[in-house]
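Working notes for the structure below.
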Amino acid sequence: VCASSEAASNYIPKAPILLPEGPWEQVLGGVTAPKGFRAAGMYGGLRAKGEKPDLALVTCDVDAVAAGSFTTNIVAAAPVLYCRHILDNFSAARAVLINAGQANAATGDAGYQDVIECAAALAKLLQIQPEAILVESTGVIGQRIKKEALLKSLPKLTSLLSSTIEGADSAAVAITTTDLVSKSVAVETEIAGARIKVGGMAKGSGMIHPNMA
Amino acid sequence: TLLGVLTTDALVEPDVWRKIVQIAVDRSFNQITVDGDTSTNDTVIALASGLSGSTRISSLDRHEAKQLQACVDAVLQGLAKSIAWDGEGATCLVEVTVTGTNSEEAAAKIARSVASSSLSKAAVYGRDPNWGRIACSVGYAGVPFIPNELRISLGGILLMDGGQPLPFDRTAASAYLKHAGETHGTVEICISVGSGPGKGQAWGCDLSYDYVKINAEYTT
Chain A
1 VCASSEAASN
11 YIPKAPILLP
21 EGPWEQVLGG
31 VTAPKGFRAA
41 GMYGGLRAKG
51 EKPDLALVTC
61 DVDAVAAGSF
71 TTNIVAAAPV
81 LYCRHILDNF
91 SAARAVLINA
101 GQANAATGDA
111 GYQDVIECAA
121 ALAKLLQIQP
131 EAILVESTGV
141 IGQRIKKEAL
151 LKSLPKLTSL
161 LSSTIEGADS
171 AAVAITTTDL
181 VSKSVAVETE
191 IAGARIKVGG
201 MAKGSGMIHP
211 NMA
Chain B
214 TLLGVLTTDA
224 LVEPDVWRKI
234 VQIAVDRSFN
244 QITVDGDTST
254 NDTVIALASG
264 LSGSTRISSL
274 DRHEAKQLQA
284 CVDAVLQGLA
294 KSIAWDGEGA
304 TCLVEVTVTG
314 TNSEEAAAKI
324 ARSVASSSLS
334 KAAVYGRDPN
344 WGRIACSVGY
354 AGVPFIPNEL
364 RISLGGILLM
374 DGGQPLPFDR
384 TAASAYLKHA
394 GETHGTVEIC
404 ISVGSGPGKG
414 QAWGCDLSYD
424 YVKINAEYTT
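If you're matching them up, the sequences are chains A and B in order.
Numbered per our numbering, the first sequence spans residues 1 to 213.
Numbered per our numbering, the second sequence spans residues 214 to 433.
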């Protein structure tokens with residue numbers, strides 16, 4: 001387990017972010033730059049090789065208006081089916097749990113049950129409803145999540161939650177697989193007299209031809 | 214697999230937020246390609262806390278919604294380009310810009326067709342200014358256009374105009390590709406297919422030997 005979010009965030013270098021020009025300025029912080037968000041990343045023992053962080057969590061202090069866009073691949077992974085179901089029925093969310101190592105795709109009903117159990121365990125720790133938790137997975141297709149390792153890591157992961165730049169950076173590293181760099185960015189602009197921020201992180205290197213809806 | 218998490222502290226209605234996110238995804242993540250394989254797990258989750266104290270955005274037609282849309286587009290495009298830049302085995306990012314179509318969607322479709330072409334990608338890795346492969350992938354994109362209006366340039370070097378191949382400095386064009394590869398920079402391909410107002414972009418990367426090596430060793 002990484003001792004700190006700073007150690008996790010330094011595991012791989014950051015990607016150059018080629019931000020288009022516009023009436024905004026790039027700011028530090030990634031997903032934690034906007035008000036109300038915290039993030040963490042840590043190694044939870046899910047990866048087959050190495051000890052790069054593999055578990056990330058992004059939370060919002062209040063009910064956040066939630067949107068999702070998902071693969072249109074008919075063979076969709078269990079977390080995709082789960083999130084689509086949640087967002088079909090609820091418009092708000094409080095947390096996104098992400099693991100790297102196992103994609104939990106083509107894992108059938110057992111894989112779906114794993115998602116439900118992971119969300120329920122995290123909900124209990126965060127003292128929120130399970131329906132407020134969304135889940136993303138990436139890694140080897142055909143393998144279920146290493147659930148015991150994940151569940152065992154959740155208390156540590158929640159304790160690492162932070163609204164700092166390091167929190168965002170460590171989460172951005174923890175979601176990577178074959179990526180050589182982590183991807184995280186935030187911008188600030190003014191809308192109707194108020195300063196607002198938009199932050200984001202992403203991962204991807206191979207099996208990339210998205211067609212999300 | 215592509216995963217993404219987007220956050221904002223803007224105050225926005227759920228239906229407006231969902232539309233903004235999908236439009237931005239269409240302009241960013243849905244316009245990148247590395248290997249033509251659509252993952253089982255591609256997911257983008259976007260959360261809006263509303264804690265900025267901004268005015269509530271309740272309609273896509275409002276100016277504030279357009280401002281937020283532009284910011285979300287920018288963030289997702291920045292991330293999308295970094296994914297293409299980091300494509301497995303890639304030595305450079307390939308940015309394809311298409312203009313002259315009747316709609317944004319048509320331009321985006323052509324741009325992605327070019328960015329997806331294995332032969333064009335391999336040519337970029339081979340530092341070969343292969344306008345023929347680019348023209349071919351424009352042609353099979355599924356968007357009708359008049360061939361005699363096709364114009365292709367590579368990093369500012371005009372390779373084809375009015376549907377006709379032009380004499381160009383092959384050494385300079387190859388050097389442009391080589392420099393991009395050696396610095397892990399960006400190769401810019403600009404295409405025009407007419408005089409319509411549509412403009413679209415797509416991003417990919419070159420196709421190297423390392424792509425096969427990485428994926429031959431990454432078992433399912």
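The beta carbon of each residue, even a glycine, is placed where N, CA and C say it ideally should be.
Since the model is a prediction, treat every value here as computed from it, not as a measurement.
In its chain, beyond the 5 residues on either side, Thr32, Thr59, Leu161, Ser162, Ser163, Gly167 have a beta carbon closer than 7 Å to the beta carbon of arginine 38 (chain A). With a cutoff of 8 Å on beta-carbon distance, glycine 193 (chain A) and proline 34 (chain A) are scored as not near each other. Under a 10 Å Cβ-count criterion, aspartate 222 (chain B) is classified as buried, with 16 or more other Cβ atoms of the shown protein chains found around its own Cβ.
Proximity of chain B to glutamate 136 (chain A) at the Cβ level (cut-off 8 Å) is accounted for by Leu216, Val218, Asn254, Thr256, Ile258, in chain order. Taking CB atoms only, phenylalanine 242 (chain B) has a neighbour in chain A less than 8 Å away. Distances from the CA of leucine 306 (chain B) to each of B:Gln414, B:Ile427, B:Ala429 were compared; the closest alpha carbon is that of B:Gln414. Of all residues in the region 187-212 of chain A, those with a C-beta nearer than 7 Å to a C-beta of chain B are Val187, Thr189, Ile191, Ala192, Ala194, Arg195, Ile196, Lys197, Val198, Gly199, Gly200, Met201, Ala202, Lys203, Gly204, Ser205, Gly206, Met207, Ile208, His209, Pro210, Asn211, Met212, reading in chain order. With respect to alanine 78 (chain A), asparagine 99 (chain A) sits apart: the two C-beta atoms are not nearer than 8 Å. Think of a sphere of 9 Å around the beta carbon of glutamate 277 (chain B): the chain A residues whose beta carbon falls inside it are Ile191, Ala192, in chain order. Close CB contacts of glutamate 131 (chain A) within its chain, under the 7 Å cut and outside five residues either way in sequence, are with Ile86, Phe90 (chain order). Here methionine 212 (chain A) is near threonine 72 (chain A), since their CB atoms are less than 8 Å apart. Annotation for glutamine 414 (chain B): the continuous beta strand (DSSP E) segment containing it runs 409-418. Serine 316 (chain B) is not a Cβ neighbour of alanine 354 (chain B), given a cutoff of 8 Å. For serine 91 (chain A), the neighbours in chain B by C-beta distance under 8 Å run, in chain order, Pro227. Within chain A, the residues whose beta carbon sits less than 7 Å from that of threonine 251 (chain B) are Thr71, Asn73, His209, Pro210, Asn211, listed in sequence order. Distances from the alpha-carbon of lysine 152 (chain A) to those of A:Leu55, A:Asn10, A:Ser9, A:Lys49 put A:Leu55 closest. Of all residues in the region 288-318 of chain B, those with a C-beta nearer than 9 Å to a C-beta of chain A are Val288, Leu289, Gln290, Gly291, Leu292, Ala293, Lys294, Ser295, Ile296, Ala297, Trp298, Asp299, Gly300, Glu301, Gly302, Ala303, Leu306, Glu308, reading in chain order. Chain A places no beta carbon closer than 8 Å to that of valine 327 (chain B), leaving this residue out of the contacts.
The contact set of aspartate 419 (chain B) on chain A, defined by CB atoms closer than 8 Å, is empty, because the minimum CB distance reaches about 14 Å.
Under the DSSP assignment, alanine 287 (chain B) falls in the alpha helix (DSSP H) whose first and last residues are 276-298. With its beta carbon at least 8 Å from every one in chain A, alanine 386 (chain B) lies outside the interface. In terms of CA proximity to isoleucine 116 (chain A), A:Val80 leads the group A:Ile141, A:Glu51, A:Pro16, A:Val80. Classified as buried, glutamine 290 (chain B) has 16 or more neighbouring CB atoms from the shown chains inside 10 Å of its CB.
Within chain A, the residues placing a beta-carbon under 9 Å from that of threonine 246 (chain B) are Ile208, His209, Pro210, ordered along the chain.
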